[in-house]
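Participant: Got a structure here, written out as structure tokens. Questions coming.
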Amino acid sequence: MRSVGVLALQGDFAEHIATLRRLGVDAREIRTTKQLAGVGALIIPGGESTTMAKLMDMYDLREPITRFASAGNPVWGTCAGLIMLAKRLADDRPQPLGLMDIVARRNAFGRQVDSFETDLDIRGVEGGPYRAVFIRAPIVLETGPSVETLASLWDGSVVAARQDNLLATSFHPELTSDGRVHRYFVEMMASRATT
Amino acid sequence: MTTQRETGTFEVKSGLAQMLKGGVIMDVVTAEQAKIAEDAGACAVMALERVPADIRRDGGVARMSDPGMIESIMKAVTIPVMAKCRIGHFVEAQVLQAVGVDYIDESEVLTPADDNHHVWKHDFTVPFVCGARDLGEALRRIAEGAAMIRTKGEAGTGDIVEAVRHMRTVMQQIRRAQHLPDDELASFAKEIGAPLALVEQVKRLGRLPVVNFAAGGVATPADAGLMMQLGADGVFVGSGIFKSGNPAARAKAVVKAVTHYNDPAAIAEASKGLGEAMVGISARSMKPEELLASRGW
């Protein structure tokens, strides 16, 4: 199986790598275009989306990541990563990558004091509710016709979605010991390799 | 599905610090500075009325900043906004939580309000970051509910020596804990003045149970790289940016150095043509009573 890359510009990339390694998957930090060529899937981790967008610009990573995703390689964004995957944001900054047919709202629940944990049912993730951690989290406001909603909150807010090879979650599976969402993503990469 | 949501859990509080990792948190005194910091790629800002270098120069009692000023900075940027309360001043902390800051720094840079006790941070929904000079101090703060640690260094000096000493001390003591047999952990915990349960956790994890940033004396991209290579998860820059010749360029350069801390060529590139760094004062030339780092119990 190929390695999974985790974009390591800023944020909790080390937690994604640790979770993947616990599942027996080879995981690598990605900071340059060259490093991206060596992996079969990419995770854009949680962090500060404004910071991450600036660093992507500083290091000319937008175009290579876009090409990587367009080639059909699986890409998963958690929290700030979801924001980066979106086609458009409800506010005017930062500039997302525009890969996924979703509109996202940043800090949709308010400030840090409004951050929370809750139990979620996630389509495609078996074994009971998933304890999800939301930190200054975004939500998906609109989904295009080819986007499948995988999880939503009590009020209907979409917090996990998939479009072909693209996966987006508002919450942080890398912060908990439950590796089921990472396994789901690794299976996206594995099933692509066999088709 | 349950509609139950839990706020203020330790996962949620320590989780925000995880999101800040690999980033630079900058001291700002105005909304304009906050925007410059955000544009340069800061992952958060610390809103305060005076940077540590000025607090040091002015003397007197340094207190929590005007909530109105903090709010103006919260309105100006979308990155998280932190603010400082005095050590042990739990009402300043309550005020900052009511204002809605994203993180509270219970800071030795302000004049301590309690010379025996820190804030009991478990009572708050908002997370706290606290300073530490060694593992014992870090674990005492975590026991009180801190969700993030920063090594203290010596704020407002532009001299990195104290930050290095504190980071090395924490790292050495973590390595020591890792190699001690279980039956020697209790006396090690006693020696460093830390709760045994947290020492056991450090041994198991091989690191602090929360994110650990470096602070107090970072003035250049190379300083930031040094602290990252010594094991910091990220860097606070206080006076170092807005007391320098070209704040916008220096802010961006420190951000780059933190991202590529293991790449000397990248740090070299980031360090070019930044103009003057803050003047600074040698921490070793200061009298013991002038050292802010010794505040904290």
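As they're listed, the protein sequences go chains A and B. Counting in the working numbering, the final residue of the first sequence is number 195, and the numbers go up one at a time with none missing. Counting in the working numbering, the final residue of the second sequence is number 297, and the numbers go up one at a time with none missing. A virtual CB, placed ideally from N, CA and C, is assigned to each residue, including glycine.
Grouping DSSP H, G and I as helix and E and B as strand, with all else coil, what is Gly-81(A)?
Facilitator: The answer is helix: DSSP assigns Gly-81(A) an H, G or I state.
Participant: Tell me which same chain residues have a C-beta within less than 6 Å of the C-beta of Thr-2(B), skipping the five on either side of it?
Facilitator: Its pLDDT being 49, under 50, Thr-2(B) is placed unreliably in this model, and the value from its coordinates should be taken loosely. If we look at Thr-2(B) and ignore the five residues flanking it on each side, it has no Cβ neighbours.
Participant: What does Gly-11(A) touch in chain B if you count any residue whose Cβ is under 9 Å from its own?
Facilitator: By Cβ distance, chain B contributes Gln-18, Met-19, Leu-20, Lys-21, Gly-22, Gly-23 and Cys-43.
Participant: Using the Cβ count rule (16 or more neighbours within 10 Å means buried), how would you classify Lys-13(B)?
Facilitator: Buried.
Participant: In whole angstroms, give me the CA-to-CA distance for Leu-89(A) and Ile-174(B).
Facilitator: One C-alpha to the other measures close to 43 Å.
Participant: Using a C-beta cutoff of 8 Å, does Lys-54(A) count as contacting chain B?
Facilitator: By this cut-off, Lys-54(A) is an interface position.
Participant: Please list the residues of the region 95–109 of chain B that have a C-beta atom closer than 9 Å to any C-beta atom in chain A, keeping them in chain order.
Facilitator: Within the region 95–109 of chain B, the residues whose Cβ lies closer than 9 Å to some Cβ of chain A are Gln-97, Gly-100, Val-101, Asp-102 and Tyr-103, listed in chain order.
Participant: What are the complete alpha helix (DSSP H) segments, minimum 4 residues, inside the region 119–144 of chain B?
Facilitator: The region 119–144 of chain B contains these whole alpha helix (DSSP H) runs: 135–143.
Participant: Could you name the residues of chain B that Glu-126(A) contacts, counting a contact when the two beta carbons are closer than 8 Å?
Facilitator: Near Glu-126(A) there are no residues of chain B at all, since even the closest Cβ is about 16 Å away, more than 8 Å.
Participant: Which of the three DSSP states is assigned to Phe-236(B) in this structure?
Facilitator: Strand.
Participant: Compute the beta-carbon to beta-carbon distance between Leu-97(A) and Ser-170(A), rounded to the nearest angstrom, for a pair I have assumed lies under 8 Å.
Facilitator: The pair is not a contact, with the Cβ atoms about 17 Å apart (cut-off 8 Å).
Participant: Taking C-beta to C-beta, are Ala-168(A) and Ile-102(A) nearer than 8 Å?
Facilitator: Yes, Cβ-Cβ distance for Ala-168(A) and Ile-102(A) is below 8 Å.
Participant: Return the chain-ordered list of same chain residues with a C-beta closer than 8 Å to the C-beta of Gln-229(B), the five sequence neighbours on each side being excluded.
Facilitator: Excluding positions up to five away in sequence, the list reads Tyr-261 and Asn-262.
Participant: Looking at chain A, which residues of the region 198–221 of chain B have a Cβ within less than 7 Å of any of its Cβ atoms?
Facilitator: Going along the region 198–221 of chain B in chain order, one finds no residue with a Cβ nearer than 7 Å to chain A.
Participant: What are the complete alpha helix (DSSP H) segments, minimum 4 residues, inside the region 142–228 of chain B?
Facilitator: Counting whole runs of 4 or more residues, the region 142–228 of chain B contains the alpha helix (DSSP H) stretches 161–179, 185–192 and 196–205.
Participant: Does any residue of chain B bring its CB to less than 8 Å from the CB of Arg-111(A)?
Facilitator: Arg-111(A) counts as touching chain B.
Participant: Alpha carbon to alpha carbon, how far is Ala-137(A) from Thr-176(A)? Give it in angstroms, no decimals.
Facilitator: Rounded to whole angstroms, Thr-176(A) to Ala-137(A) spans 16 Å at the Cα level.
Participant: With a threshold of 8 Å between beta-carbons, can Thr-2(B) be considered close to chain A, or not?
Facilitator: Residue placement at Thr-2(B) is flagged as unreliable, the pLDDT there being 49, under the threshold of 50; a coordinate-derived value is accordingly withheld.
Participant: Quick one: what does DSSP say Leu-23(A) is sitting in, helix, strand or coil?
Facilitator: Leu-23(A) falls in the coil class under three-state DSSP.
Participant: Using a Cβ-Cβ cut-off of less than 8 Å, list which residues of the region 16–41 of chain A approach chain B; keep chain order.
Facilitator: Residues passing the 8 Å Cβ filter: Arg-31.
Participant: What three-state label does DSSP hand Met-74(B) in the structure shown?
Facilitator: Helix.
Participant: What are the residues that DSSP puts in a beta bridge with Trp-76(A)?
Facilitator: For Trp-76(A), which the question treats as bridged, DSSP gives the partners Ile-43(A) and Leu-167(A).
Participant: Is the CB of Ile-102(A) under 8 Å away from at least one CB in chain B?
Facilitator: It does not; no Cβ of chain B falls within 8 Å.
Participant: Measuring from the CB of Leu-97(A), is there a heavy atom of the ligand NAD at a distance below 7 Å?
Facilitator: With respect to the ligand NAD, the structure shown offers nothing to examine, as it has no ligands at all.
Participant: Does Phe-185(A) come out as helix, strand or coil in the three-state DSSP assignment?
Facilitator: Helix, per DSSP.
Participant: Let me see if you follow: with CB-CB separation under 8 Å, is Asn-165(A) close to chain B or not?
Facilitator: Cβ-Cβ to chain B under 8 Å: no for Asn-165(A).
Participant: DSSP has Phe-134(A) in a bridge; who is on the other side?
Facilitator: Phe-116(A), per the DSSP bridge assignment.
Participant: Rounded to whole angstroms, how far is the Cβ of Ala-222(B) from the Cβ of Ile-267(B), which I believe are closer than 8 Å?
Facilitator: Contact flag correct, Cβ pair sits at about 6 Å.
Participant: Does DSSP put Leu-153(A) in a helix, in a strand, or in coil?
Facilitator: Coil at Leu-153(A), not helix or strand.
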